[in-house]
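What follows is one structure encoded as structure tokens, with my remarks underneath.
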Amino acid sequence: MNLLFQQLPGSELAPKTIQETPSPGAAQDPLIAKNLQKGQYVGIIGLAIALVAAVGFFSRRVEYAILLAVILSLGLIAFFLFL
74 MNLLFQQLPG
84 SELAPKTIQE
94 TPSPGAAQDP
104 LIAKNLQKGQ
114 YVGIIGLAIA
124 LVAAVGFFSR
134 RVEYAILLAV
144 ILSLGLIAFF
154 LFL
């Protein structure tokens, strides 16, 4: 029995791909934030610096450990991206 390899009778009528047509107002949607990515990156980097500074205020060893982990992580990310 080749039930797995048989084609269903209605499969010729079914569409092979589904295409979506964008609505005409999609480009002007006010709920989609555009051009805010740079601000987000600046905020994340600022938050990371503030976190390291706050931890460094209490313990220098922990600050150095966090900085070493961040530097090694960035190095590994760059290495694997350009590999």
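Each residue of the sequence shown is one higher than the one before, counting from 74 in the numbering used here.
Backbone N, C-alpha and C fix where the C-beta goes; we use that ideal spot for every residue, glycine too.
> Taking Cβ positions, are V128 and E136 nearer each other than 8 Å?
Replying inline: To locate residue 128, count along the sequence shown from 1; it is residue 55. To locate residue 136, count along the sequence shown from 1; it is residue 63. Contact: yes.
> On the three-state DSSP scale, how would you describe I105?
Replying inline: Residue numbering aside, residue 105 sits at position 32 when the sequence shown is read from its first letter. I105: coil per DSSP, three-state reduction.
> Do V125 and I139 come within 8 Å of each other at the CB atom, strictly closer than that value?
Replying inline: Residue numbering aside, residue 139 sits at position 66 when the sequence shown is read from its first letter. Residue numbering aside, residue 125 sits at position 52 when the sequence shown is read from its first letter. Their beta carbons are under 8 Å apart, which means I139 touches V125 by this criterion.
> I91 by DSSP, collapsed to three states: which one?
Replying inline: Here residue 91 corresponds to residue number 18 of the sequence shown, with the count starting at 1. Reduced to three states, the DSSP call for I91 is coil.
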